[in-house]
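Asks: In numbering that gives the first Met the number 0, the protein residues as written are 0 to 109. Have a look at this one before I ask anything.
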Amino acid sequence: MPYVIGAECIDTTDMSCVEECPVDCIYEGDRKLYINPKECIDCGACEPVCPVEAIAQDRRVTDENEPHIADNRRFFVEILPGRDAPLGSPGGASKVGRIGVDTELVAEGS
């Protein structure tokens, strides 16, 4: 997974990164945004526009955000509350719109 959105995004969701992403791979949960690891092209356009510095390459996350590496992946591969199937790789966030739920880590207030 090239880029990860960390805890700083929880309850912030500024959306600047979404507007900057050339491949539409940043999806909106309820309290946080998530980068689809299969759709991200590792361009880094999202990182400098984040006003809360929540985005980093997976190899450069802070110790505090280490759990968000696996959690970001979970958003796409596990069945989220209220959904019938994993989100997977739908080919762009704008195709599916706001998901409106989060992973357990984020929903619990990490």
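By construction, the Cβ of each residue, glycine as well, lies at the ideal position given by its N, Cα and C atoms.
Could you give the DSSP three-state label for residue 3: helix, strand or coil?
Replies: If you number the sequence shown from 1, residue 3 lands on position 4. Three-state result, residue 3: strand.
Asks: When the distance is taken between beta carbons, is residue 16 closer than 8 Å to residue 38?
Replies: Position 39 of the sequence shown, counted from the first residue, corresponds to residue 38. Position 17 of the sequence shown, counted from the first residue, corresponds to residue 16. Their beta carbons are not under 8 Å apart, which means residue 38 does not touch residue 16 by this criterion.
Asks: Since residue 32 is in the beta strand (DSSP E), which residue starts that stretch and which ends it?
Replies: Taking the sequence shown and counting its residues from 1, the one referred to as residue 32 is at position 33. Residues 32-34.
Asks: Below 6 Å CB to CB, which residues in the same chain sit around residue 99 once its five sequence neighbours on both sides are set aside?
Replies: The residue labelled residue 99 in the question sits at position 100 within the sequence shown. So the qualifying residues of the chain are 29.
Asks: So within the stretch 50-92, which uninterrupted alpha helix (DSSP H) runs reach at least 4 residues, ignoring any that extend past its ends?
Replies: 66-76
Asks: Indicate whether the contact test is met: 3 or more Cβ pairs, each with one atom in the stretch 44-57 and one in the stretch 72-83, closer than 8 Å.
Replies: no
Asks: Might you give, ordered along the chain, the residues of its own chain that have their beta carbon closer than 7 Å to the beta carbon of residue 63, omitting 5 neighbours on each side?
Replies: Here the question's residue 63 lines up with position 64 in the sequence shown. The answer, listed in chain order, is 6.
Asks: Look at the Cβ atom of residue 3, then the Cβ atom of residue 95, and state whether they are nearer than 8 Å.
Replies: Position 4 of the sequence shown holds residue 3. Position 96 of the sequence shown holds residue 95. In terms of Cβ geometry, residue 3 and residue 95 do not form a close pair [threshold 8 Å].
Asks: If you check the beta carbons only, do residue 18 and residue 92 fall under 8 Å apart?
Replies: Locating residue 18 in the sequence shown gives position 19, counting from the first residue. Locating residue 92 in the sequence shown gives position 93, counting from the first residue. Not closer than 8 Å, so no.
Asks: Report the option in 11, 108 and 104 whose CA atom is closest to the CA atom of residue 51.
Replies: Walking along the sequence shown from the start, residue 51 turns up at place 52. Measuring from the Cα of residue 51, the nearest candidate turns out to be 11.
Asks: At what residues does the beta strand (DSSP E) containing residue 46 begin and finish?
Replies: Residue 46 sits at position 47 when you count from the first residue of the sequence shown. Unbroken run through residue 46: none, as it is neither H nor E.
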